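Written out below as structure tokens is the structure these notes cover.
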Amino acid sequence: MTDCSEIRTLLSEYLDDALDAKAKALADEHLRTCPACREELDSLKTLVKGIGSLESVKAPADFLDQLHRRMERRSIISAIWEWLFYPLRVKIPLQLAGAAVMALIIFSILPLQQPSLKLHSKPEQEKNAEDTAYYADESKGIKPAGRSEALVRKAATPEPAKVTREVALNLKRQVRAKAATPEPSAAQAPASSAALEMKRPKLAAGAPAREDKKEEALEKEPESVLPITKAIEAAKGKVLSVDYTPQTGRPESVHAQIPAGELTILYEKLKELGELQVSPETGTEKDSDLVHVKIRLIGLR
Amino acid sequence: MTSSGDDALLIKAFQKGDKRAFDQLVIRHKDRIFNLCYRFLGDYEEANDSAQEAFVKAYGSLNTFRLESAFSTWLYRIAVNACKNKLVSSAYKAKRKTVSLDNPGNPSDGPLPMEIPNGAPSPLARMEEKEKMVLVQRALDALPTEFKMVVTLRDVEGFSYEDIAEITGLNLGTVKSRIARARTDLRNKLRGVL
């Protein structure tokens, strides 16, 4: 015997003839023997009939006219909406085109500005050389005087040298003696050379007794880089800076900028001043290219 | 009674550019759609608004309608959604006050439905029948939306379970169980009335 509650869950579908054959057979068998469930089924039938007999409510007679008016209103609203936003369809492409033009202008102007930017950016090799010198000076506790001015002047150089050559010059004794003698032509030395000579570093404060001795030594042997600067100028070059040994105040190295084609002349001139050691050249620069030459002075240390 | 073949011809005509064909579709279906909306919402004005909204939406989408499914099923689906949107709208909620048969509310709201209005001229039998219908409608109104929707589509509009599943987007099992549950609920509320 099937449980009544189980059958009653099937009555709705039974009524609609939506049960599968097995479930329907089960319900039929139960309903034959259960008056309570038959009554429940009849009650359900009455309910469904009652719901179905609800009087149909008709749409208003002017439903179609109302609909037309509503659709017309809707089309006006959508037209206004489109009208409000129509310019965007034009504006957005215009704005995009404007942005593209601006980008083109910026990218075409930027390369024109690059030469002036380059004035402030140094070639990597040169920068490394300067950094090395700077930190070497710093580690010695003395900041080379006049260095910043030299760097500023160098920054103003239109086309900085890209290749660095380092040579060692062991000044001859007589040259040193000659260099020690004040030369009348020193007065006609280029302003840059004179300026560089003026930038000879002062000794660090804190050792006044030693300072006096050094000053004395400098007076005895006032080594000058004037012959070297002359050699540089003879090779159509330009003195960039002079590094001094902080302890003695003597010139340590001279930095110059020379056209590559004039290097041979420079070396010849320098050989006249002393024993010159030149590292093998590997550069492929043109004659007109500027080369950064560091002349390390051995004899004056 | 409408036939799906006539609907298909009108739809094709509309899709070819004859906008007046839509008017014919409206005339053919407006009463059934309106009745569904009324049974669903229990308010004439709201039913009118929802039925019109359903036709406006149908007009906007009819060009993309494919004749693979019945137009009436498609239109009912739109109408059911329009009614559901109406049910959740705050304006409708504010306007509508649901009267429960179990809890008819404050006596100051008015006489109970079973009470005959004073001075009613109608014969008693007619009055009783009318009152029965009011009670049935109120019992329908009191059902939760998901049950009201399926039982209205089945017992008021006469759709098959499969059509109801398509219109509501529910699976067939859910449709069957909801109809059964709604009927049980209605029978309990209307016991002694029907």
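Going down the list, the protein sequences come from chains A and B.
For the first sequence, position 270 matches number 270 in the numbering used here, and the numbering has no gaps at all.
For the second sequence, position 190 matches number 491 in the numbering used here, and the numbering has no gaps at all.
Note that beta-carbon positions come from the ideal geometry of N, C-alpha and C, so glycine has one too.
Just so we're clear, the structure is a prediction, and the values are computed from it rather than from any experiment.
{"Item": "Residue-chain proximity (residue 491(B), chain A), Cβ-Cβ < 8 Å", "Value": "yes"}
{"Item": "Closer than 8 Å to chain A by CB, residue 349(B)", "Value": "yes"}
{"Item": "Residues near residue 452(B) by beta carbon distance below 8 Å, same chain, minus five either side", "Value": "441, 444, 479, 480, 483, 484 and 487"}
{"Item": "Assigned secondary structure, residue 371(B) (DSSP; H/G/I helix, E/B strand, else coil)", "Value": "coil"}
{"Item": "For residue 105(A), the residue or residues it bridges with in DSSP", "Value": "Looking at the DSSP assignment, residue 105(A) forms no beta bridge with any residue, so it has no partner."}
{"Item": "Residue 56(A), DSSP secondary structure in three states", "Value": "coil"}
{"Item": "For residue 227(A) and residue 190(A), the rounded distance between their alpha carbons", "Value": "Because the pLDDT of residue 190(A) is 43, which lies under 50, any placement of that residue in the model is unreliable, and the number read from its coordinates should be weighed accordingly. Answer to the nearest angstrom: the Cα atoms are 12 Å apart."}
{"Item": "Three-state class that DSSP yields for residue 166(A) in the structure shown", "Value": "strand"}
{"Item": "Check whether residue 59(A) and residue 350(B) have beta carbons under 8 Å apart", "Value": "no"}
{"Item": "Beta carbon proximity, residue 352(B) to chain A, threshold 8 Å", "Value": "yes"}
{"Item": "Residue span of the alpha helix (DSSP H) that contains residue 256(A), given as start and end", "Value": "Careful: residue 256(A) lies outside any alpha helix (DSSP H), inside the beta strand (DSSP E) at 251–259."}
{"Item": "Counted within 10 angstroms of its Cβ, other Cβ atoms place residue 369(B) as buried (16 or more) or exposed", "Value": "exposed"}
{"Item": "Whole-angstrom distance between residue 256(A) and residue 290(A), CA atom to CA atom", "Value": "10 Å"}
{"Item": "Cβ shell of residue 363(B) (< 6 Å), same chain only, five flanking positions each side left out", "Value": "315"}
{"Item": "Cβ pair residue 274(A), residue 171(A) closer than 8 Å", "Value": "yes"}
{"Item": "Candidates 495(B), 391(B) and 460(B): closest to residue 375(B) by CA position", "Value": "460(B)"}
{"Item": "Any C-beta of chain A under 8 Å from that of residue 451(B)", "Value": "no"}
{"Item": "Below-8 Å beta-carbon distance, residue 446(B) vs any chain A residue", "Value": "no"}
{"Item": "Under 8 Å between C-beta atoms of residue 277(A) and residue 168(A)", "Value": "yes"}
{"Item": "Same chain, Cβ closer than 6 Å to residue 298(A), five either side skipped, listed in chain order", "Value": "168 and 170"}
{"Item": "Contact the segment 46–54 of chain A vs the segment 319–332 of chain B: 3+ CB pairs below 8 Å", "Value": "no"}
{"Item": "Where residue 36(A) meets chain B, residues with beta-carbon distance less than 8 Å", "Value": "Result: empty, since nearest Cβ-Cβ is about 14 Å, beyond 8 Å."}
{"Item": "For residue 241(A): DSSP bridge partner residues", "Value": "255(A)"}
{"Item": "Neighbour-count burial assignment, residue 98(A), 16 or more Cβ in a 10 Å radius", "Value": "exposed"}
{"Item": "Pairwise C-alpha distance: residue 3(A) and residue 325(A)", "Value": "Because chain A is modelled from 1 through 301, residue 325(A) falls outside the range shown and cannot be assessed."}
{"Item": "Three-state class that DSSP yields for residue 274(A) in the structure shown", "Value": "strand"}
{"Item": "Any chain A beta carbon closer than 8 Å to residue 356(B)", "Value": "yes"}
{"Item": "CB contact check: residue 484(B) to chain A, cutoff 8 Å", "Value": "yes"}
{"Item": "Residues bridged to residue 297(A) [DSSP beta-bridge criterion]", "Value": "169(A)"}
{"Item": "Span of the alpha helix (DSSP H) around residue 474(B)", "Value": "473–490"}
{"Item": "Buried/exposed call for residue 381(B), threshold 16 Cβ in 10 Å", "Value": "buried"}
{"Item": "Local Cβ density within 10 Å of residue 438(B), reported as buried at 16 or more and exposed below that", "Value": "buried"}
{"Item": "Cβ pair residue 323(B), residue 360(B) closer than 8 Å", "Value": "yes"}
{"Item": "For residue 108(A) and residue 267(A), the rounded distance between their alpha carbons", "Value": "44 Å"}
{"Item": "Beta carbon proximity, residue 438(B) to chain A, threshold 8 Å", "Value": "yes"}
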